[in-house]
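Asker:
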Amino acid sequence: MEAIESTAGPSFCLMKMAQLLANFLSQNRMAAIMEEQCRPQKKPGFPLLQQTLLNKVVGLPDHLGNRLQQDNLTLFFPQNYFRLLGEEVVRALQVIVDALRGGLDCSVSFVSQVLGKICIQGRQKEILDVLVPQLTALTQGSCLWQRVCWRLMEQIPDRAMEAVLTGLVVAAPGPEVLSRLLGNLVLKSKKAQFVMTRKLLFLQYQHTTSTLQSLLGYLAMDSQRRPLLIQALKELLETWGSSSAVRHAPLAQQHYLSAAILVCLAHLGEPELRDSQDELLGSMMAGVKCHLDSSLPTVRRLGMIVAEVLSSRIHREGPPLRFQYEDDKLSRELLALATPCTAGGSTLEAGGSSPAPAATEILEKTVDGEVESANSSVPQVRPQDSDSDLDSDDEFIPYDMSGDKELRSSKAPLYVRDCIEVLTSSEDMERWEAALRALEGLVCKSPEATQEVSVELAKVLLHLEERTCVSGFEGLRQRALVAVTVMDPARVAEYLTSQFYALNYSLRQRMDILDVLTLAAQELSRPGHLKRHAQQVSSGSGGLCLPAQAACQHDHTAGSGWRAVVEERIRSKTRRFSKGFPRRELANGPNEFNSVAGYFFFPLIQHFDRPLVTFDLLGDDQLVLGRLTHTLGALMYLAVNTTVAVSMGKALLEFVWALRFHVDIYVRRGLLSAVSSILLSVPAERLLGDLSEELLEARSWLADVAEKDVDQDCREQAVRALLLLERLKDRLLPISP
Amino acid sequence: MAVPLSPPPPDPQFVLRGTQSAVNALHFCGGAEVHGCPLLFSGSQNGLVHIWSLQTRRAVATLDGHRGQSVTWLQMLPQSPQLLSQGRDLRLCLWDLAEGRNAVVDSICLESVGFCRSSVLAVGQARWTLAVPGKGIDEVQILEMPSKTSVCTLKPEADAKPGMPMCLGLWQAESSSRPFLLAGYEDGSIALWDVWERKVCSRISCHEEPVMGFDFDSQKARGVSGSAGKALTVWSLDGQQALQVCSTHQLTNPGISEVTIRPDHKILTTAGWDHRIRVFQWRTMKPLAVLAFHSASVHCVAFATNGLLAAGSKDQRISIWSLYQRM
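If you read the protein sequences in the order shown, they are chains A and B. Straight run, no breaks: the first sequence in the UniProt record's numbering ends on number 737. Straight run, no breaks: the second sequence in the UniProt record's numbering ends on number 327.
Okay, structure coming up:
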């Protein structure tokens, strides 16, 4: 035996040896080795032999691979060898079980060591894919098998415990199997407990929710293990409720945590929860607060979902929390996790019972359907036989009824000034609404009249509150404000930016200001806006269909039109990275944003570090700061080809530099997009000439973010910015000597 | 039916102006064949009743009998040149119009201040039954005319609480002489009263808003009602005198002040608060036209026996339409 093992080492007669070894393996001799090692041994030097043997058995694919190089046999490939080893292990265990039945004393520690070593080497998947189903079947009916299995797990060395358990939890199809294979391992082994209740829950987050369900289900299945589950829930909630975790943990981990909490809740019963109600409630409140404070929508939503479920389970006496969130895949999945199953309730039972209601449902549906069809057939028949003059009535041809719209009062004001008056002072809600609806059109129709009252109008609109339930109020107000800003950009932008840093505005209003500025800048920088807009649309559509017709009829005359067609096709099929207007149109005319970009940009960037009583951008109001960075980035991008772009870029880079280590992910994203838009908007020569130092600094920061940031989006954006920088370098290299 | 392009809605045939007040009630003179062209009566807010000649399209005469209070209902008596007019001065006047006369020959004092229109049913040559809103808030009074003797008072059971009656309709099945009264109530329900037995045969809740007007087609035993809400409801009456809702039809805008079925039972029109007159096919309730001519709520619609449609509106105009005529 030893001789054959050691022949793996020498190099002559290699192929012969390998053949021999393959033969050895195929005759189930490996099981015999393992089984042999499990018999009680008295020989001296036995541990040393066992150790060597262990190394040989586990390291066999490596040894052979090193030796045989290209000539290796497929049997010795790790993916095959470990599967075989798995079967051998089962066979060895079978012999041991038989021996135990026969009254002989045996120890499974060698097998445990083999298993542990394999798992440490990262081959859990291969061996456990074989082992778990077989052991599941074998332990099904036999107590002895279960005991052997438990013993096998207990004997695994501590350092291998994590690898084995992780593999097992992943491979096990459900909590019952896990419970059968592991027994109360978590209570016996400290290491196992650590792995199961801390490592898998808090330190790793790559596992699927079904893994989580079997892990937590395992903890919930036995009354002795349930305290661990409660403990785990408390700790999970503590982490969930800690603001630093919310801020710094990656999104995927937060999702994992939330799912774990929901699964825990599904397993825990009312009395257990009541015992630690106060503690849980405390963590929940803290958690809700910091989740809702987050500027990332996903985090907020996770917070809402978990809090809803938690409050309904923990705080039964009071009304449960209710939030409004989108009902999409994520939220449905999470909510499905939280549906409580009975304490001992297995997924098998649930799976067994679910087809029944489904079937009855279908049955009901079909019955309903039949009833419905029966019902519907009755009125179909009745009018035919009850009315003799069936066809005579059909000659009543209906008139055009497209004019039958909902009635709106026709009291809409006809002048911009009237609108202001109505919006400020009218008590007649219908008139007020009509004025609001008419405003955008009026502003676009009469630029001169608007310019006379532009700032006043902007003020009115900014302070406008929704007095009645007007559908689309926010959009109406925003569009009107954008229209006013576009009509008189300098003055209105000056007013709006000054108001952004003024006292006594709500966050909502401040964010509205930012949105309006961005949209107005976008409108202004679009060539041929407003006055030429209508013409462009008509000529554009004409230009699109004419060539299309011409192309089919006479190919040679359509020469001028094909470019438009191709461009339109490209435009419709291309997704652009940055939000904003298609850049294609930039060539068509001067950027009208040019002369006023400064009014939009500089007042906004100036005061961000001066906190007011009601408004502290660098403190609590980081959501607005995030919006501000995004707005500045967008303005920068829209200022492409303008003369102020260079100084804007310089100021913006300084701004980015000051905030580069901001804790909020949303702010960081904004900063990164701002950097990208600087790189896109400022001419390359000027970037390297005037901003080279800032760029170097920014570059090292970008590299840092691309590598270390917790947020995936941030990392991606940083990589994009770096790529832009690289491209810049490439473009300039041929020019420079 | 595949109609490639539906024709644009028609314009009114002509428009009658000059009431100088909102038009609340319209009624075509039944004796059309006598004059060749029917007469139209209109009652307006300022208490005047105008008699229009549709030939000259001018007002022939003006009746002033309601002391400046709004006229809410007009009805010719069958087979006699007598007109009934109900006004908000709490009087129901009977005018004699024979041979160019226009004098009040009789009047009845009403005790209800509501807007409920009365209803009349001729039972004999010189005898007719009149239903008027009664003294109590939810009562309907039945009078024997011309003797003005009160036949009975129809009062709902104490626990029904349907609110005020909003519109009334007396009718009689052709086979029997037993009069029935249909009444639309404030709570949106319609009740069928057996006048002789003074009891409710059937009651259905059709609308969520008060019933503003209904019309009943006794041939098909089907009726249609409009309310202050956004729907028209069609209901039917079965052999056991039980009402049941057949269907409801959603409208674009809420508010119907009157529903009228054309005498040939082919189409029906509604007078809408949304300034529009809607035309439906009566059998299928298929919408046929939406007539947008008026600039204020339409208060009343009426059909002449020859199919001419008149609509009176708050904008003081009466529009005359000729739709789906086959004569």
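We treat Cβ as the ideally placed atom computed from N, Cα and C, and that holds for glycine. Values in this document were obtained by computation on a predicted structure and should not be read as measured data.
In chain B, which residues lie less than 8 Å from M401 of chain A when you measure between Cβ atoms?
Answerer: In the first sequence, residue 401 of chain A corresponds to position 401, counting from 1. Those within 8 Å of M401 of chain A in chain B are S6, P9, P287, A289, V290.
Asker: Taking the beta carbon of V15 of chain B as the centre, do at least 16 other beta carbons fall within 10 Å, making it buried, or is it exposed?
Answerer: Looking up residue 15 of chain B in the second sequence gives position 15. It is exposed - the Cβ of V15 of chain B has fewer than 16 other Cβ atoms within 10 Å.
Asker: For a contact meaning CB atoms closer than 9 Å, what does T233 of chain B contact in chain A?
Answerer: On the second sequence, residue 233 of chain B is found 233 positions in, with the first residue counted as 1. Here the premise fails: no neighbours, minimum Cβ distance about 16 Å.
Asker: Among B:L54, B:V259, B:V279, which residue has its Cα nearest to the Cα of P10 of chain B?
Answerer: Counted from its first residue, the second sequence places residue 10 of chain B at position 10. Residue B:V279 is the option with its Cα nearest to P10 of chain B.
Asker: Along chain B, in chain order, which residues have C-beta atoms closer than 9 Å to that of residue 741 of chain A?
Answerer: Given a span of 1 to 737 for chain A in the structure shown, any question on residue 741 of chain A remains unanswerable.
Asker: Contact criterion: CB-CB distance below 8 Å. Does R101 of chain B meet it with respect to chain A?
Answerer: In the second sequence, counting from the first residue as 1, residue 101 of chain B sits at position 101. Chain A, which has no Cβ nearer than 8 Å to the Cβ of R101 of chain B, makes this no.
Asker: Say whether chain B places a C-beta atom closer than 8 Å to the C-beta of K445 of chain A.
Answerer: Reading the first sequence from its first residue, position 445 is the one you call residue 445 of chain A. Not closer than 8 Å to any Cβ of chain B, the Cβ of K445 of chain A fails to qualify, so no.
Asker: List the residues of chain B whose Cβ lies closer than 9 Å to the Cβ of L414 of chain A, in chain order.
Answerer: Locating residue 414 of chain A in the first sequence gives position 414, counting from the first residue. The premise fails here: L414 of chain A is roughly 17 Å from chain B at the closest Cβ pair, so nothing lies under 9 Å.
Asker: Mind checking if D217 of chain B is an interface residue toward chain A, Cβ cutoff 8 Å exclusive?
Answerer: To locate residue 217 of chain B, count along the second sequence from 1; it is residue 217. No, D217 of chain B lies away from the interface with chain A (no Cβ there is under 8 Å from its Cβ).
Asker: Kindly say whether E406 of chain A, judged by its beta-carbon, lies nearer than 8 Å to any beta-carbon of chain B.
Answerer: For the purposes of this step, residue 406 of chain A is taken as the residue at position 406 of the first sequence. E406 of chain A counts as touching chain B.
Asker: Just mark H248 of chain A as buried or exposed, buried being the case when its beta carbon has 16 or more other beta carbons within 10 Å.
Answerer: On the first sequence, position 248 is the one that residue 248 of chain A refers to. Classification of H248 of chain A: exposed, given that the 10 Å Cβ count is below 16.
Asker: When Cβ atoms are compared, which residues of the region 241-258 of chain B fall closer than 8 Å to chain A?
Answerer: Cβ contacts with chain A come from T252, N253.
Asker: Between L74 of chain B and T62 of chain B, is the Cβ-Cβ spacing less than 8 Å?
Answerer: Residue numbering aside, residue 74 of chain B sits at position 74 when the second sequence is read from its first letter. Residue numbering aside, residue 62 of chain B sits at position 62 when the second sequence is read from its first letter. No, these two residues do not count as a Cβ contact at 8 Å.
Asker: Quickly, what does DSSP pair L442 of chain A with across the bridge? List them, please.
Answerer: What you label residue 442 of chain A is simply residue 442 of the first sequence in a count that begins at 1. DSSP, once it has assigned bridges, lists no residue as partnering L442 of chain A.
Asker: Is the Cβ of P297 of chain A closer than 8 Å to any Cβ of chain B?
Answerer: Residue numbering aside, residue 297 of chain A sits at position 297 when the first sequence is read from its first letter. By this cut-off, P297 of chain A is not an interface position.
Asker: Taking Cβ positions, are A98 of chain B and P78 of chain B nearer each other than 8 Å?
Answerer: Taking the second sequence and counting its residues from 1, the one referred to as residue 98 of chain B is at position 98. Taking the second sequence and counting its residues from 1, the one referred to as residue 78 of chain B is at position 78. No.
Asker: Could you tell me the distance, in whole angstroms, from the CA atom of F180 of chain B to the CA atom of D274 of chain B?
Answerer: Working through the second sequence from its first residue, we reach residue 180 of chain B at position 180. Working through the second sequence from its first residue, we reach residue 274 of chain B at position 274. If I take the Cα positions, the gap works out to 33 Å.
Asker: Report the neighbours of residue 759 of chain A on chain B: residues whose CB is nearer than 7 Å to its CB, in chain order.
Answerer: As displayed, chain A neither begins before 1 nor continues past 737, which places residue 759 of chain A out of reach and without an answer.
Asker: Between the Cα of Q94 of chain A and those of A:Y81, A:V108, A:L84, A:R83, spot the shortest distance and give me the residue it belongs to.
Answerer: For the purposes of this step, residue 94 of chain A is identified with residue 94 of the first sequence, where counting begins at 1. For Q94 of chain A, the nearest C-alpha among the options comes from A:V108.
Asker: When burial is assigned at 16 or more other CB atoms within 10 Å of the CB, is C29 of chain B buried or exposed?
Answerer: As a working mapping, residue 29 of chain B is identified with position 29 in the second sequence. Burial call: buried.
Asker: Quick check: the region 619-631 of chain A against the region 660-673 of chain A, are there 3 or more CB pairs under 8 Å?
Answerer: Yes: at least three Cβ pairs fall under 8 Å.
Asker: Per the DSSP calculation, Y185 of chain B is bridged to which residue(s)?
Answerer: By one-based count along the second sequence, residue 185 of chain B stands at place 185. Partner(s): B:P165.
Asker: Taking a Cβ distance cut-off of 7 Å, strictly less, list which residues of the region 160-189 of chain B are near chain A, in chain order.
Answerer: Within the region 160-189 of chain B, no residue has a Cβ that lies closer than 7 Å to any Cβ of chain A.
Asker: Helix, strand or coil: which one does DSSP assign to R316 of chain A?
Answerer: Indexing the first sequence from 1 puts residue 316 of chain A at position 316. Correct three-state label for R316 of chain A: coil.
Asker: Between the alpha carbons of D675 of chain A and L54 of chain A, how many angstroms are there, rounded?
Answerer: Counting from one through the first sequence, the residue named residue 675 of chain A turns up at place 675. Counting from one through the first sequence, the residue named residue 54 of chain A turns up at place 54. Checking the sequence, you will find Val at residue 675 of chain A rather than Asp. About 57 Å.
Asker: Does DSSP classify Q250 of chain B as helix, strand or coil?
Answerer: Translated into positions along the second sequence, residue 250 of chain B becomes position 250. In this structure, Q250 of chain B counts as strand in the three-state DSSP scheme.
Asker: Please return the same chain residues whose Cβ sits closer than 7 Å to the Cβ of R283 of chain B, not counting the five positions on each side in sequence.
Answerer: On the second sequence, position 283 is the one that residue 283 of chain B refers to. Here the set comprises nothing.
Asker: Measure the C-alpha to C-alpha separation of D368 of chain A and T248 of chain B and round it to an integer number of angstroms.
Answerer: Residue mapping note: residue 368 of chain A aligns to position 368 of the first sequence, counting from 1. Residue mapping note: residue 248 of chain B aligns to position 248 of the second sequence, counting from 1. Residue confidence for D368 of chain A is low, a pLDDT of 43 falling below 50, so the modelled location carries little weight and cannot support an answer.
Asker: Are there 16 or more other CB atoms within 10 angstroms of the CB of H463 of chain A, so buried, or fewer, so exposed?
Answerer: Working through the first sequence from its first residue, we reach residue 463 of chain A at position 463. Per the 10 Å Cβ criterion, exposed.
Asker: Give the single residue among B:R178, B:S44, B:S107 whose Cα lies nearest to the Cα of L170 of chain B.
Answerer: As a first step, residue 170 of chain B must be located in the second sequence, where it is residue number 170. Selected option, being the one with the closest Cα: B:R178.
Asker: Closer than 8 Å, Cβ to Cβ, to anything on chain A: give me those residues from the region 259-275 of chain B, in chain order.
Answerer: Correct list: K266, I267, D274, H275.
Asker: Shorter than 8 Å from the beta carbon of Q325 of chain B to some beta carbon of chain A?
Answerer: Mapped onto the second sequence, residue 325 of chain B falls at position 325. It does not; no Cβ of chain A falls within 8 Å.
Asker: Please report whether the beta-carbon of G307 of chain B lies at a distance below 8 Å from any beta-carbon of chain A.
Answerer: Numbered from its first residue, the second sequence carries residue 307 of chain B at position 307. With 8 Å as the cut-off, G307 of chain B does not count as an interface residue toward chain A.
Asker: Leaving out the 5 sequence neighbours to the left and right, which residues in its chain are closer than 8 Å to I314 of chain A when beta-carbon positions are compared?
Answerer: As a first step, residue 314 of chain A must be located in the first sequence, where it is residue number 314. Closer than 8 Å at Cβ, skipping near neighbours: L273, Q277, L280, L281, M284.
Asker: Can you tell me whether A311 of chain B is helix, strand or coil according to DSSP?
Answerer: In the second sequence, counting from the first residue as 1, residue 311 of chain B sits at position 311. DSSP places A311 of chain B in strand when its eight states are reduced to three.
Asker: Can you look up G472 of chain A in the DSSP assignment and give me helix, strand or coil?
Answerer: Taking the first residue of the first sequence as position 1, residue 472 of chain A is located at position 472. G472 of chain A: coil per DSSP, three-state reduction.
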